[in-house]
Structure formats: structure tokens, C-alpha cells
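Read in UniProt numbering, the sequence shown has 278 at position 278, and its numbers run on one by one without any break. Down below is the structure, laid out as C-alpha cells.
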Amino acid sequence: MATEDGSVPAFVRVKNSIRVIAANPENLERGLAYVVQVILEDFGRVVKREILAIQDYPKRGVYDVTFGGEGVYRSFMGILQVFSNDPRLDGFKILPHFAEEERFLVIKSYSPFVPLKEIEAVLGRYCKKLAFVGKILNELGIWTLKYRFKAVFEKDTYPPARFRLGTVNIDCFFNGMPVFCKRCRQYGHAMEGCTLCQNCGKDGHDGKSCPIAKKCNFCLQGGHLYGGCPQRKVEKAAGDPVMPSTSVDLVSPLSDGEVSIEKDSKGQLVVKRIKTVKGKKKPEVSPVFVESSETVVVESRSRGEKLYKFYKGKNTAEIKDAVEGWSDSDEYEAMDKIISGTQENKDIRKAVLSYIRGLM
């Protein structure tokens, strides 16, 4: 019997699994042994060691089969699709646990300001179906910069495990994802030892010396980059209206628990906190005008100093993880070279921190 429309209840769905349903559960000759020996082994060319588990409900004639890997599952479903009218399947209905190999995607953005519509537009190029499930919150109910989607991929296609919108990296996770290189953003190998260009994906040069002009990483067209993409301008124009700015009066009278500034007997400035006692009238404070011929210069730490202060207490493994998620491509490439060219872990940490401290 050919595979018919239907679905497996959501609460029992397992990846790489099928449900075999017998039309007549009372026919013992077509029970568990028939499912394994005829449908799986003979028809589907699956050997026993490739079957991870079977949950059988003989009174209902239901057999949930979980294969040992995605490859075995895909092979069986491919045979079923081509030979769905095979007589060995008469009296049975076979359903995948996830219709059309539906998968859950977890998307991690490294900035809360990347529009969700732009992320959906990129993922949509690789999916036949894409549905937004919601934001992922932590135990305190605060957003973690992660989204959850349900997707059905195009045939023999995966969304990139990492892509970029402007200078912001976006990571994509899903069950069964192949090995992925975060350097060149291609599947099939890891980042260690990769020599492919980050711009064109070819060997023999790096991204900085690539002869091919960079393309917009949103619409993938040449002639402009992400910041000037006309498709993004249309999205922005159709988005939320810009809220008018509000002026704030920074000068206000002192209230409970505030401070006043006065000069002491030596002419130095002194900060005094006003205290009030319950039931007593608040003291009246006359305005104090401070004049000083001295110019006070407040130095603001550079971006590199702020980052250095944050990372100097981290261990080497934490710093490496931070580098892998670095959003600026030029800075990432520089730190990647530092890590690759340094032998000792303590030297890696020192060299990377030194580079970070010098960032502007």
C-alpha cells in the first residue's frame, strides 16, 4: 500500500524515524517479524545493526522504527518513494515521524538589532517551508538572542551554519548538520587548516587579496554592500515609524537623598548628602554656584581597553570561543592568524589580549 496522507502525533515524534501501521493488527503473520524481515530488510535494504530501536504496539498494529542515522533514514525513504506500490507493502501504511523531514532550527544572532525579517529572508533561500516558532528565553524570561524555527529544507540543501548580515554573525543549528567551516562558511570540513578565501570560496588567496568584488551579504548582488542594499531600504521604510525625540531637562531641584556641592574652609569642593527625618520639614537648600578656573579632563577608555578589561579574566578556552563568534571579519582574521601561529596556550592568550587591547 502506498504511503498515504497522515501524521504522527507530535508528542511521539523522533528524528530519523518512521511509523509502520498494519491494516489488520490481528494478522500475526504480518506482525513485528514481517515488519523487520520483509519491510525493513528485504524491501528497504536495511540491516539489523542499522536499526537503533523499535517501539511496537501489536494490539494497535503500530511499529515506530528509529534508524541508526540520517543516511539510513534517507535511503529507506528514497526507496519507499520510488517503489511505493511494491506488493510487500500491501496492508501497511508508512509515515515519516516528521512530514517532509521537518526540522527545528535554532538561530543565534550576535546583535539584538538585526531585523528578524532579514534573517527569515536568508533562511528562506534554502527552505521549502519556514515557520517562525518564537524567541528563546532564559530561566528569568529574558531573551537570549536566539530564535526557533520549523523548516523543510530544499532537496540536498542546507542553510549555512554561519552567515553574516553586515558585520554581525548569525549562527544556525539543527539536528544532523554536517561538519561546517566557520572561516569560509562551507560544509564538508572544519575551520582548522582551511585555506579557502572567505569571499569567493576558492583556494590560493585570502579574503583581503581576493580579486572578486565583495557582494551584499543580504541580497547576494554586486554593486553595493549590506549597508546600502536597496532591498533593506524598502524593508526599513515599511517598518515601524521612528519615534520623535524627547528633550529632557537635566536641571531639577534636589530631592530626598540627593547631594549638594559646597566649598570647605580650605576652598576645596565638598559633596554633602541631604538627609531628611520623617515628620520633620525638609531643609531648604539654597542654590550653590561653583566656579573653578581648573579644567577637568575626563578620559574615556577606548573600545580595545574596554574589551581587554572584560576578557583579561577569562581563560584561554573562553577567549577562543569569543574569537570564533567575533563579528568583525578583519579583526577575526587577524586573531585567527595569531592563534594559528602561536604554540603555547598561555602565549595565545597573551597575544590575543594584546591585539584586543590595541583595537580602536
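Just so you know, even glycine gets a beta-carbon here, dropped at the ideal spot from N, CA and C.
> Anyone know if the C-beta pair for isoleucine 21 and valine 47 falls short of 9 Å?
Replying inline: As a working mapping, residue 21 is identified with position 21 in the sequence shown. As a working mapping, residue 47 is identified with position 47 in the sequence shown. Going by beta carbons, isoleucine 21 and valine 47 fall outside the 9 Å limit.
>> For the alpha helix (DSSP H) containing alanine 213, name the first residue and the last one.
In response: Counting from 1 along the sequence shown, the entry for residue 213 is found at position 213. Segment: none, alanine 213 is in no alpha helix (DSSP H) and carries neither H nor E.
>> On the criterion of 16 or more Cβ atoms from any shown chain inside 10 Å, does glycine 44 qualify as buried, or is it exposed?
In response: Translated into the one-based positions of the sequence shown, residue 44 becomes position 44. With 16 or more other Cβ atoms within 10 Å, it is buried.
> Under a Cβ-count criterion, where at least 16 other Cβ atoms within 10 Å of its own Cβ denotes burial, should asparagine 27 be classed as buried or exposed?
Replying inline: Numbered from its first residue, the sequence shown carries residue 27 at position 27. With fewer than 16 other Cβ atoms within 10 Å, it is exposed.
> With DSSP run on the structure shown, which of helix, strand or coil describes tyrosine 126?
Replying inline: Taking the sequence shown and counting its residues from 1, the one referred to as residue 126 is at position 126. Reduced to three states, the DSSP call for tyrosine 126 is coil.
>> So, with DSSP's three-state summary, where would you put leucine 40?
In response: Counting from one through the sequence shown, the residue named residue 40 turns up at place 40. The answer is helix: DSSP assigns leucine 40 an H, G or I state.
> Run through DSSP, which three-state label would alanine 2 get?
Replying inline: For this step, residue 2 is matched to residue 2 along the sequence shown. Confidence is the limiting factor: at alanine 2 the pLDDT is only 39, short of 50, which leaves the residue's position unreliable and the question unanswerable from this model.
>> Buried or exposed, going by whether 16 or more other CB atoms sit within 10 Å of the CB of serine 7?
In response: Translated into the one-based positions of the sequence shown, residue 7 becomes position 7. Under this definition serine 7 is an exposed residue.
>> Is the beta carbon of lysine 150 closer than 9 Å to that of isoleucine 136?
In response: Reading the sequence shown from its first residue, position 136 is the one you call residue 136. Reading the sequence shown from its first residue, position 150 is the one you call residue 150. Not in contact: isoleucine 136 and lysine 150 (Cβ atoms no closer than 9 Å).
> How many angstroms separate the CA atom of isoleucine 338 from the CA atom of lysine 155?
Replying inline: Counting from 1 along the sequence shown, the entry for residue 338 is found at position 338. Counting from 1 along the sequence shown, the entry for residue 155 is found at position 155. Cα to Cα, the separation comes out at about 39 Å.
> If you compare alpha carbons, which of Val35, Arg162, Arg74, Lys214 is closest to glycine 91?
Replying inline: Locating residue 91 in the sequence shown gives position 91, where the first residue counts as 1. Residue nearest to glycine 91 within the set Val35, Arg162, Arg74, Lys214 is Val35 (criterion: CA-CA distance).
> With a CB to CB cut of under 7 Å and the five nearest residues on each side skipped, what residues in its chain are close to asparagine 16?
Replying inline: For this step, residue 16 is matched to residue 16 along the sequence shown. Same-chain partners within the cutoff: Thr66, Phe67, Gly69, Glu70, Tyr73.
>> Tell me which residues share the same chain as arginine 357 and place their Cβ nearer than 7 Å to its Cβ, disregarding the 5 neighbours each side in the sequence.
In response: Residue mapping note: residue 357 aligns to position 357 of the sequence shown, counting from 1. Taken in chain order, the residues that qualify are Gly304, Glu305, Tyr308.
> Would you call the region 308-319 and the region 154-169 in contact, with 3 or more CB pairs under 8 Å?
Replying inline: Two segments are said to touch when three or more pairs of C-beta atoms, one from each, lie closer than 8 Å; by this definition the region 308-319 does not touch the region 154-169.
> Taking DSSP as the reference, what is the three-state secondary structure of glycine 134?
Replying inline: For the purposes of this step, residue 134 is identified with residue 134 of the sequence shown, where counting begins at 1. Glycine 134: strand per DSSP, three-state reduction.
> If we ignore side chains and look at the alpha-carbon of each, how far apart do threonine 295 and leucine 359 end up?
Replying inline: Counting from one through the sequence shown, the residue named residue 295 turns up at place 295. Counting from one through the sequence shown, the residue named residue 359 turns up at place 359. With a pLDDT of only 48 at threonine 295, under 50, the local geometry of the prediction cannot be trusted, and the value read off the model is given with reservation. The straight-line gap from Cα to Cα measures roughly 28 Å.
> Can you check whether the CB of lysine 214 is closer than 9 Å to the CB of glutamine 221?
Replying inline: Residue 221 sits at position 221 when you count from the first residue of the sequence shown. Residue 214 sits at position 214 when you count from the first residue of the sequence shown. Going by beta carbons, glutamine 221 and lysine 214 fall outside the 9 Å limit.
> Which of the three DSSP states, helix, strand or coil, is assigned to proline 115?
Replying inline: Start at 1 with the first residue of the sequence shown, and residue 115 comes out as number 115. If DSSP states are grouped into helix, strand and coil, proline 115 belongs with coil.
> Between aspartate 56 and alanine 334, what straight-line distance do the alpha-carbon atoms span, to the nearest angstrom?
Replying inline: By one-based count along the sequence shown, residue 56 stands at place 56. By one-based count along the sequence shown, residue 334 stands at place 334. Going from the Cα of aspartate 56 to the Cα of alanine 334 covers about 56 Å.
> Where does proline 230 land, buried or exposed, given buried means 16+ other C-beta within 10 angstroms?
Replying inline: Position 230 of the sequence shown, counted from the start, is the residue given in the question as residue 230. Counting the other Cβ atoms within 10 Å of the Cβ of proline 230 gives fewer than 16, which makes it exposed.
>> For cysteine 181 and aspartate 86, I'd like the C-alpha separation in whole angstroms.
In response: The residue labelled residue 181 in the question sits at position 181 within the sequence shown. The residue labelled residue 86 in the question sits at position 86 within the sequence shown. Cα-Cα distance, rounded: 42 Å.
>> Less than 9 Å between the beta carbons of isoleucine 51 and leucine 89, yes or no?
In response: For the purposes of this step, residue 51 is taken as residue 51 along the sequence shown, with counting starting at 1. For the purposes of this step, residue 89 is taken as residue 89 along the sequence shown, with counting starting at 1. Not a contact, by the Cβ cut-off of 9 Å.
> Which stretch, first to last residue, makes up the beta strand (DSSP E) that contains leucine 105?
Replying inline: Here residue 105 is taken as the residue at index 105 of the sequence shown, counted from 1. That run of the beta strand (DSSP E) goes 103-109.
> In whole angstroms, what is the alpha-carbon distance linking leucine 165 and lysine 117?
Replying inline: If you number the sequence shown from 1, residue 165 lands on position 165. If you number the sequence shown from 1, residue 117 lands on position 117. A direct Cα-to-Cα measurement between leucine 165 and lysine 117 gives close to 12 Å.
> Helix, strand or coil: how does DSSP classify residue 363 here?
Replying inline: Because the chain spans 1 through 360 in this model, residue 363 falls outside it and cannot be assessed.
> Helix, strand or coil: how does DSSP classify lysine 48 here?
Replying inline: One-based indexing of the sequence shown puts residue 48 at position 48. Helix.
>> Quick check on this structure: which residue in Lys128, Arg13, Tyr110, Phe104 has the alpha carbon closest to the alpha carbon of aspartate 64?
In response: The sequence position of residue 64 within the sequence shown is 64, counting from 1. Looking at the Cα atoms, Arg13 is the closest of the given residues.
> Which one of Trp326, Glu192, Cys172, Thr167 has the shortest CA to CA distance from glycine 341?
Replying inline: Counted from its first residue, the sequence shown places residue 341 at position 341. Ranking Trp326, Glu192, Cys172, Thr167 by Cα distance to glycine 341 puts Glu192 first.
>> Quick check on arginine 148: does DSSP put it in helix, strand or coil?
In response: Taking the first residue of the sequence shown as position 1, residue 148 is located at position 148. Annotated three-state conformation of arginine 148 is strand, per DSSP.
> Can you give the beta carbon distance from isoleucine 170 to valine 114, rounded, assuming they're within the 8 Å contact cut?
Replying inline: As a position in the sequence shown, residue 170 is number 170, starting the count at 1. As a position in the sequence shown, residue 114 is number 114, starting the count at 1. About 7 Å separates the two Cβ atoms, so the contact holds.
> Does the distance from the C-beta atom of cysteine 184 to that of cysteine 194 stay below 9 Å?
Replying inline: On the sequence shown, position 184 is the one that residue 184 refers to. On the sequence shown, position 194 is the one that residue 194 refers to. Cysteine 194 is positioned such that its CB atom lies closer than 9 Å to that of cysteine 184.
>> Report the CB separation of valine 152 from glutamate 101 in whole angstroms; it is logged as a contact under 8 Å.
In response: Numbered from 1 along the sequence shown, position 152 holds the residue referred to as residue 152. Numbered from 1 along the sequence shown, position 101 holds the residue referred to as residue 101. Yes, valine 152 and glutamate 101 are in contact; Cβ-Cβ is about 6 Å, under 8 Å.
> What residues in its chain sit with their C-beta under 6 Å from that of glutamine 198, if we drop five residues either side in the sequence?
Replying inline: Here the question's residue 198 lines up with position 198 in the sequence shown. Within the same chain, and ignoring the five residues on either side of glutamine 198 in sequence, the residues whose Cβ sits closer than 6 Å to its Cβ are Cys184, Gly207.
>> Tell me the residue span of the beta strand (DSSP E) that contains tyrosine 63.
In response: Numbered from its first residue, the sequence shown carries residue 63 at position 63. From DSSP, the beta strand (DSSP E) with tyrosine 63 extends over 62-67.
> How big is the Cα-Cα spacing for tyrosine 110 and tryptophan 326?
Replying inline: Residue 110 sits at position 110 when you count from the first residue of the sequence shown. Residue 326 sits at position 326 when you count from the first residue of the sequence shown. About 9 Å.
> Between the C-alpha atoms of arginine 60 and asparagine 24, what's the straight-line distance to the nearest angstrom?
Replying inline: Taking the sequence shown and counting its residues from 1, one reaches residue 60 at position 60. Taking the sequence shown and counting its residues from 1, one reaches residue 24 at position 24. Taking C-alpha positions only, arginine 60 is separated from asparagine 24 by approximately 9 Å.
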